[in-house]
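Remarks on the structure that follows.
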C-alpha cells in the first residue's frame, strides 16, 4: 500500500491539499521552504489566495472548485506563486512561474473530497520538455542518417514508426503506414504473385516467439507495385519481460544482387572460356597442323578451277556441303577453304575423323560427357559439336559412321541442340556442317548402311574434288611447294626438282593423290644425302597391281581391279608393315614410320593396334 502522506511530504514538486471552500489544508515541504514556513507550522485554514498571485485567484478558484465537485482535472495550467507569507500577493510581487495540475482526492471513508494541487516550476518543466525533445530529435537524426530502412511494429503487427530511408526505399510515406499493418502493405506477396500470409512471415514471428529472425532472400513491395530484394533483421522488443513488438532493419540489395549476377555471369563466362581453351587444347593435341602442310590451295588446272568456283559460290552461305573425292585429294583442304571464305572464318573449324572414332565412344566424341557418366569418364569432356559452336564442323570420312548412331547425329544437326552423355541439360549450338567421303553414299544408302535422311541433310551442295591425275598442270607446282616446305621444316638447304624428275612426276598415276605426292617428296628429302634430290616412285608390286578403279586412269592395255573395303584395309596394313620394316620398326622421330606415312605417332600406334601389327609377327 502506497503511503500517500509520505509521498506528499517529500515530493520534489510543490504540492498542496485544498478543501471544497478553497481553503488550503496542507502544503508539502518544498512549498513550506519556498514560503519560509517551518516544518512544524500549522497551515490548516491557510488562505488559498496566499499561495498564488492575485491575477490567478478568481478563475483558478472556480477551476479548483470544479475539480472537487465534478472530479475533473487540471493539466498544466500556467500560474505564478506568491512569495509573501500569509498575505495576498499582487502582480508586482509575482514569484515562480510554472504549470499547475489538480486532481480530486477523497478522504478515507469517502466522506469528503479535496483537490490535490501539484505545481512544477516552468524552468524545470521546460528543461525536461526540451531535454525530451532534444533526445527525440537526436534519435530521429540517428534513425534518418542510416542507410537502412527501419520501422517498428507493435504486438498486433501495426506500424509504430518508420525512418526516412524506409520511406525512400519503398516509396511509402510515414502517414501511409503508421498505425497500419505493414505486412499487408509491403510484404503481402511472393515475387511470383502468390499470397504471403503473415503467419509465415519471420518478421511477425519475432514478437510471438521472442527470437531474432533474419532474411536474406525476401522481397518488399514498392508503391508502384514492383518488388525490391531485401535482407532484414527482425528483433523483438520487450517491456518488463513482456513482448511488445519488434524493430525491423532492412537493406535494399538490388545493387548487390546485380553485382552478384554480374560476378556469376563473369564466372560462367570464364568457365566457358576455360572449357573452350581446354577443348581447343585437346583438339589441337589431336590434330595435324594442316596449315603447315596446305597453307593454300595450289594449282591452276581447269579441274581445280571448277572446284574453286563451287567453293566461292557456297562459302558465304550456311548450306551443308558434301565434299566428294578419292582418298588423298585434299578434301580437308577444301573444307578449310570453305570455312576460311565464310562469315564464320573467325570461329573454329573442328574436324572429326569419323573412321577413327570407336563405336562405343561415338556419342562422347560428338556430344561430350559429364564426369562419372560411364567407366573411365574421370572428368567432363566437351564434345566436338559444342567445340564448333559458331563455326564449322568438318565430318571427314562421314560414311564410316555406324548406321545405328546416324540418327542421333541427324537429330543434333537438324535441331542444333544435344545433351552430353550423362547430362539432361540441353545445349544449343549454331554449327555449319561440311562433310567429306570417298565412298559412294548413294550406294551406301541403297545397301542400308547409310540413312537416306542424313544423306539428304549432308548433300545439299556436293563439291567434287578432282584426283591429282586429272590435274597434271598442278603436279609440278605442288611438288615444288612441298619440297620448299619440307626443307624448311627439316632445316635443310633448299633442294630443286630437275626437269627429268618433274616429267617423272607428271607421268605417274598418283593412286594416293596429293597425300602420296607429299609423302614421296618428304621421303626423297630424307633420303637425299647431298644437294641432289633422290626421287623414288617405286611402289610395292601388290599396291601397283591393285590400284582402285576410279583412282587410276586406265592406260592402253592396262587392266584395273575394283578394291573392296577389306582389300583396301589389307592394302593399308601391308603398306604400314612395309614402312615399319624399312625404319626397323621405329615409329616416331626423324625418318620414323609415322613421319614417312605422314601421320602422328599416336595415330600410327592406334592403327597398328587396330590391325594387330606386331614386330614379332613380321621378322
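Numbering (the numbering used here), first residue to last: 799 to 1417. For each residue, glycine too, the CB sits at the ideal point set by N, CA and C.
Residues near residue 1031 in its chain [Cβ-Cβ closer than 6 Å; skip 5 each side]: 1012 and 1047
*asked:* Output needed for residue 983: all residues of its chain with C-beta closer than 7 Å, excluding positions within five of it in sequence on either side, in chain order.
replied: 970 and 975
ask   = Which of helix, strand or coil does DSSP assign to residue 1337?
value = With a pLDDT of 49 at residue 1337, under the threshold of 50, the modelled position of this residue cannot be trusted; read the value that follows with caution. Correct three-state label for residue 1337: coil.
**Asked** Going by the CB atoms, is the gap between residue 915 and residue 837 shorter than 8 Å?
**Response** no
Within the continuous beta strand (DSSP E) that includes residue 1199, where are the two ends? Per DSSP, residue 1199 belongs to no beta strand (DSSP E) and is neither H nor E.
Close beta carbons around residue 1214, own chain, < 7 Å, minus the five adjacent residues each side:
1226, 1227, 1228 and 1229
query: Under a three-way DSSP split, which group does residue 901 fall into?
result: strand
*asked:* Let me check one thing: in DSSP terms, what residues is residue 1235 bridge-paired to?
replied: 1122
Per DSSP, which residues does residue 1149 bridge with? Please list them. 1192
Exercise. First and last residue of the alpha helix (DSSP H) that includes residue 827?
Worked result: 827-833
Whole runs of the beta strand (DSSP E) within the region 987-1063, excluding any shorter than 3 residues = 1011-1019, 1025-1037 and 1040-1050
Supposed contact pair residue 1233 and residue 1120 - C-beta distance, whole angstroms, cut 8 Å: 5 Å
Q. Who are residue 1215's beta bridge partners in DSSP?
A. 1226
- Query: By Cβ distance, which residues of its chain are closer than 6 Å to residue 870, with the 5 residues on each side in sequence left out?
  - Reply: 864
To the nearest angstrom, report how far apart residue 1350 and residue 1264 are at their CA atoms.
-> Here the model assigns residue 1350 a pLDDT of 38, short of 50, so the residue's position is not dependable, and the following value carries that caveat. Taking the straight line joining both Cα atoms gives about 12 Å.
Discussion item. Distance check for residue 1285 and residue 1332, CA to CA, integer angstroms please.
Written reply: 14 Å
Terminal residues of the beta strand (DSSP E) in which residue 1400 lies: That residue, residue 1400, is in no beta strand (DSSP E); its alpha helix (DSSP H) goes 1399-1409.
| query | Relative to the alpha-carbon of residue 1136, which residue among 930, 1161 and 1106 has its alpha-carbon at the smallest distance? | reply | 1106
C-beta atoms of residue 1315 and residue 1266 nearer than 8 Å: yes
field: Backbone secondary structure at residue 1138 - three-state DSSP
entry: helix
According to the Cβ coordinates, are residue 1096 and residue 1281 closer than 8 Å?
-> no
Taking the continuous alpha helix (DSSP H) assigned at residue 1272, which residues delimit it?
-> 1270-1288
Open item on the list: The beta strand (DSSP E) that contains residue 958, what's its start and end?
Closed with: 957-960
Is the CB-CB distance between residue 1211 and residue 1164 below 8 Å? no
Give me, in chain order, the residues of the same chain whose beta-carbon lies closer than 7 Å to that of residue 1242; leave out the 5 immediate sequence neighbours on both sides. 1197 and 1248
Handout entry: Beta-carbon contacts of residue 806 that lie in its chain and below 7 Å, excluding the five residues immediately before and after
Key = 813 and 826
For residue 1404 and residue 1261, I'd like the C-alpha separation in whole angstroms.
31 Å
Query raised in the report: Per DSSP, which one or two residues make a beta bridge with residue 1266?
Result: Answer is none; residue 1266 lacks a bridge partner.
- Query: Using the beta-carbon count (16 or more within 10 Å), is residue 750 buried or exposed?
  - Reply: The first residue shown for the chain is 799 and the last is 1417, placing residue 750 beyond what the model contains.
| query | Cα separation between residue 1127 and residue 1100? | reply | 15 Å
TODO: Under 7 Å Cβ to Cβ from residue 964, same chain only, skipping five residues before and after it: list those, please.
DONE: 947, 948 and 949
- Quick one: give me the first and last residue of the beta strand (DSSP E) that residue 915 is part of. 911-919
Requested in this report: Mind the definition here: the region 1018-1038 touches the region 929-941 only if three or more C-beta pairs lie below 8 Å; say whether that holds.
Outcome: no
Note to self: Please classify residue 1155 as buried or exposed, where buried requires at least 16 neighbouring CB atoms within 10 angstroms.
What the structure shows: buried
Check your understanding: What is the C-beta distance between residue 866 and residue 913, in whole angstroms, given that I count them as a contact (C-beta under 8 Å)?
Key -> 5 Å
Exercise. For residue 1182, count neighbouring C-beta atoms within 10 Å of its own C-beta (all shown protein chains included) and say buried if the count is 16 or more, exposed if not.
Key: buried
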